[in-house]
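K.L.:
What follows is a structure written as structure tokens; I'll ask about it next.
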Amino acid sequence: MGIVTLVIAVLGLVIATCTFTWNVTMFRLQGARAKVTPIIGVVISQGLVHMPASDEAVESIKRTAREHGESLVAGVQITNRGRLPLHVKSWAFTSLPSKAAFSPGAIPELSPVPCEIAPGNYQILVADVAAARALLEVASSPQKIACKVMAGDDKTHVTPPLPQSLLT
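Residue numbers for the sequence shown follow this note's numbering, beginning at 1 and rising by one.
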């Protein structure tokens, strides 16, 4: 009789642990969750050529810009990994550590803000790299340029810095 009670107690503990884990997981997955990735690219007549920002990607994008006679753009790809729509209020280039910011508006057709991103979808927001370069001169100490996204839930998401080779 004691063994049966012990087995039932252990089984109840396992089920309670599984239920608690499930509830915590569902709580974390509800709502909109943004994942921000810095991107670089070139706007050509057919559209936007872009890739995640890295030192290796800079040379490829610069070569594409030279071939097409276009200017470089930089920005952010915002992916909604949640189960509800994500409302994006604004975005900006920001310099670190000075925290100076530039809110783009030069290419409104490529940066429709405010916007809403459906669950599982993404939105790309870009502006000319010259705007990001201007932020390097804001402070006397060395600056790193990142992208900052302000979401409707009053959270601010900051990307890793853009490659320095893009900004020189």
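Glycine included, C-beta positions come from ideal geometry on N, C-alpha and C.
Leaving out the 5 sequence neighbours to the left and right, which residues in its chain are closer than 7 Å to E70 when beta-carbon positions are compared?
P.N.:
So the list reads V42, V43, I44, once near-sequence residues are dropped.
K.L.:
Can you tell me the Cα-Cα spacing of P112 and A127, whole angstroms?
P.N.:
Straight-line Cα distance between these residues: approximately 11 Å.
K.L.:
P163 and A146: beta carbons closer than 8 Å?
P.N.:
No, the pair does not count as a contact, with Cβ atoms beyond the cut-off.
K.L.:
Is DSSP giving E70 helix, strand or coil here?
P.N.:
E70 falls in the coil class under three-state DSSP.
K.L.:
By DSSP's criteria, L96 is part of a beta bridge. Which residues make up the other side?
P.N.:
Paired residues: K144.
K.L.:
Report yes if the C-beta distance between S95 and A130 is below 8 Å; otherwise report no.
P.N.:
Going by C-beta atoms, S95 is not nearer than 8 Å to A130.
K.L.:
Could you tell me which of L86, R66, N23 sits nearest to K35, measuring between CA atoms?
P.N.:
Ranking the options by Cα distance to K35, first place goes to L86.
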